[in-house]
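Trainee: According to mature numbering (1 follows the signal peptide of the UniProt record, and there is no 0), the sequence shown holds residues -28 to -1, 1 to 496 in order.
By construction, the Cβ of each residue, glycine as well, lies at the ideal position given by its N, Cα and C atoms.
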Amino acid sequence: MTYPIRKAALIPAAALAMVALSTGAVLAQEAEAAGGLDQTVNDAFASSTGWFVSLIFSNFPGTSFPWIVGWLVVAATIFTSYFGFIQFKAFPHSIALVKGDYSDPNDAGEVSHFQALATALSGTVGLGNIAGVAVAVSIGGPGATFWMIMCGLLGMATKFTECTLGVKYRNEYEDGTVSGGPMYYMTKGFAERGFFGGKILAVLFSIFCILGSFGGGNMFQSNQAHAQLVTVFGDFPGWITGLIFALLVFAVIIGGLKSIAKVTEKVVPFMGVLYVITALAIILLNFDQIGWAFGQIFAGAFTGLGVAGGFVGALIQGFRRAAFSNEAGVGSAAIAHSAVRTKEPITEGFVSLLEPFIDTVVICTMTALVIIITGQLVSDPNTGNYLLAEAGGAIQTVDGNTGVALTSAAFSSTFSWFRYVLAIAVIMFAFSTMISWSYYGLKAWTFLFGEGHTKEIVFKVIFCIFTWIGAAASLGPVIDFSDAAIFAMAVVNIIALYALMPIVRRELNSYVSRLKSGEIKKFV
């Protein structure tokens, strides 16, 4: 899943990346270079939208737990129970679907199950997996990893629910293209059940999605990619990076979803495998530490191991980072999965539940293990408790690293060349996130303004202009607002999921009975 730092909670490819990449100095220099206009835009957005940002990311009274995280986690728990732990029961069949065992090439849709999964993953797997995990572990201790895994497993049921609905209520056009996502199941699904308010929810969702695609899914990505390039190649103007990214993004998205899918099905596996193989190599080279590391994770999950806030601190950090990493409940993935070639909506629900597993359970856990095993967290040799830094309540780390610097230091302690791999990963993560969010924003745009080539071109040009702006300027409050808009999507989307989950269960029961009877057969 995928921004600037805020008091309560952050989304992966954003706030965590800000901490991670330590770009404050770079952004400050760009803000100064941009002059008064940049500051005027910042001030205008801060004064007019600050209330909205504070509302979305505020904590429950008397706690440090963001209410939006609770909203996502409670929903994931309800869906897990309602569908009988579907994420575990359907896992083997999900793998078979991704392999194409049940794929009929004559079904309506634009992309394969694998391509739909890769496109959705490209929007969630990103800087949060690199920097976000480091933030969680340095604040909540190794135990935060356990709660990240738990939240990821629960989120699989949410993805299953929203992506099934996305396919069931999508629009299919004569030219073979489709449009789907929360805005379509809000209007059609609510009408089918006789509920009021579906169109209102759909319009709100679409507005939030467009704003989020311009900011968190675009501007901040190009901004952080430029910041990472600066750390490797030295300082140079951000508009150069922005222009290159804008041209590359436009070259991909002008071809529509099939073009996007062709890129993501290559980029996502490559960057994911590269990162995981490097992590596995480090873990295996420190094989004798694996048992101890998992012991730290499980013990820390319930005791805190001396971390500020103890058990509660570990739980909050784990849930917070996982919820903002895999985007389960936000509704964005349902837009990508809706374009799959299938006549059975439930099949894409099965495929989509793999997304939080890969993003959070696998990749985030790998990052945490590397940080723990390589000894980046400083502990008391006598008690084994982790030592707290003087300020902020975080754990002391080697050389005071945090965010992506902590992850980089952990990997580089074994492989000195890893900082170059990390630079490539950050750029690829940013690029794949931008092209995926361009599709999410486009579908929200066409829902509001209608389908048509000209209308799509207008959106794509505007999107690429924002790509250039993101790398060239410091627009903190603008990104803050767009990030809040992304999680406002979750508020609207989950209301719809609660209303429509009986329809998903009906689809599930029908599919499972036909699968068991042999009516549904493999095509390979």
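Which one of E423, S485, T439 has the shortest CA to CA distance from E146?
Mentor: Selected option, being the one with the closest Cα: E423.
Trainee: Going by the DSSP bridge assignment, what does T369 pair with across the sheet?
Mentor: According to DSSP, T369 bridges with L349.
Trainee: Name the one or two DSSP bridge partners that N195 has.
Mentor: Partner(s): none; N195 has no beta bridge.
Trainee: State the Cα-Cα distance for the pair W409 and A300, rounded to the nearest angstrom.
Mentor: 15 angstroms
Trainee: Is the region 468 to 484 in contact with the region 198 to 217, if contact means three or more CB pairs nearer than 8 angstroms?
Mentor: no
Trainee: Taking the alpha carbon of V312 as the point to measure from, which residue in F37, S324, T35 has its own alpha carbon closest?
Mentor: S324
Trainee: Give the straight-line distance between the Cα atoms of V139 and T319, rounded to the nearest whole angstrom.
Mentor: One C-alpha to the other measures close to 9 angstroms.
Trainee: If contacts are defined as beta-carbon pairs under 8 angstroms, then V224 and C123 qualify, I think. What distance do you get, rounded to the angstrom?
Mentor: Not a contact, Cβ separation roughly 32 angstroms.
Trainee: Among all the DSSP beta bridges, which residues are the ones paired with Y358?
Mentor: S351
Trainee: If you follow the alpha helix (DSSP H) that T136 is in, where does it begin and where does it stop?
Mentor: T136: member of the alpha helix (DSSP H) spanning 115 to 140, first to last residue.
Trainee: Determine the closest residue to D452 out of T159, F180, T337, G267, with distance taken between C-alpha atoms.
Mentor: F180
Trainee: Please classify V476: does DSSP put it in a helix, a strand, or coil?
Mentor: Reduced to three states, the DSSP call for V476 is helix.
Trainee: Taking contact to mean 3 or more Cβ pairs, one atom from each stretch, closer than 8 angstroms, check whether the region 421 to 436 and the region 234 to 253 are in contact.
Mentor: no
Trainee: Measuring alpha carbon to alpha carbon, tell me which residue in G148, S380, G169 is nearest residue 511.
Mentor: With the chain running from -28 to 496 in the structure shown, residue 511 is simply not present.
Trainee: Check the DSSP bridge columns for N481 and list the partner residues they point to.
Mentor: Answer is none; N481 lacks a bridge partner.
Trainee: State the DSSP-derived secondary structure class of V150, mapped to helix, strand or coil.
Mentor: strand
Trainee: For S110 versus T374, is the C-beta distance shorter than 7 angstroms?
Mentor: yes
Trainee: Considering F421, what are the terminal residues of the alpha helix (DSSP H) in which it resides?
Mentor: 390 to 421
Trainee: Check whether the Cβ atoms of S194 and G166 lie closer than 7 angstroms to each other.
Mentor: Between S194 and G166, the C-beta gap is not smaller than 7 angstroms, which leaves the two residues out of contact.
Trainee: Can you tell which of L420, F387, V484 has the C-alpha that lies nearest to the C-alpha of I172?
Mentor: L420
Trainee: By DSSP, does L(-13) sit in helix, in strand, or in coil?
Mentor: Interpretation of L(-13) is limited by its pLDDT of 30, a score under 50 that renders its predicted location unreliable; no figure is taken from the coordinates.
Trainee: Would the region 247 to 258 and the region 469 to 483 be scored as touching if the rule is three or more Cβ pairs under 8 angstroms?
Mentor: With the cut-off at 8 angstroms, the region 247 to 258 and the region 469 to 483 do not touch.
Trainee: Just to confirm, are C436 and V221 a CB contact at a threshold of 7 angstroms?
Mentor: yes
Trainee: Beta-carbon within less than 7 angstroms of V(-3)'s beta-carbon, same chain only, minus the 5 sequence neighbours each way: which residues are those?
Mentor: The predicted position of V(-3) is uncertain, since its pLDDT is 41 and thus under 50; no value can be drawn from it.
Trainee: Can you have a look at T426 and say buried or exposed, based on whether 16 or more other CB atoms are within 10 angstroms of its CB?
Mentor: exposed
Trainee: Would you list, in sequence order, the uninterrupted alpha helix (DSSP H) runs of no fewer than 4 residues that lie entirely inside the region 16 to 100?
Mentor: Runs of the alpha helix (DSSP H) inside the region 16 to 100: 39 to 54, 58 to 61, 63 to 71, 85 to 96.
Trainee: Which of the three DSSP states is assigned to V312 in this structure?
Mentor: strand
Trainee: Between the C-alpha atoms of I212 and A445, what's the straight-line distance to the nearest angstrom?
Mentor: 12 angstroms
Trainee: Can you give the Cα-Cα distance for L378 and T369, rounded to whole angstroms?
Mentor: 8 angstroms
Trainee: Buried or exposed: which applies to Y392, given that a residue is buried once 16 or more other Cβ atoms fall within 10 Å of its Cβ?
Mentor: exposed
Trainee: Could you tell me if T(-6) is buried or exposed, where buried requires 16 or more neighbouring beta carbons within 10 angstroms of its beta carbon?
Mentor: In this prediction, T(-6) scores a pLDDT of 35, lower than 50, which makes its location untrustworthy; no coordinate-derived value is stated.
Trainee: In whole angstroms, what separates the C-alpha of A417 from that of G72?
Mentor: Before going on, a small fix: residue 417 reads as Trp here, not Ala. Cα-Cα distance, rounded: 31 angstroms.
Trainee: So what's E428 in DSSP terms, helix, strand or just coil?
Mentor: Reduced to three states, the DSSP call for E428 is helix.
Trainee: In whole angstroms, what separates the C-alpha of A271 from that of N101?
Mentor: 23 angstroms
Trainee: Which class does E144 belong to by DSSP, given the choice of helix, strand or coil?
Mentor: strand
Trainee: Do the CB positions of A305 and I28 come within less than 7 angstroms of each other?
Mentor: no
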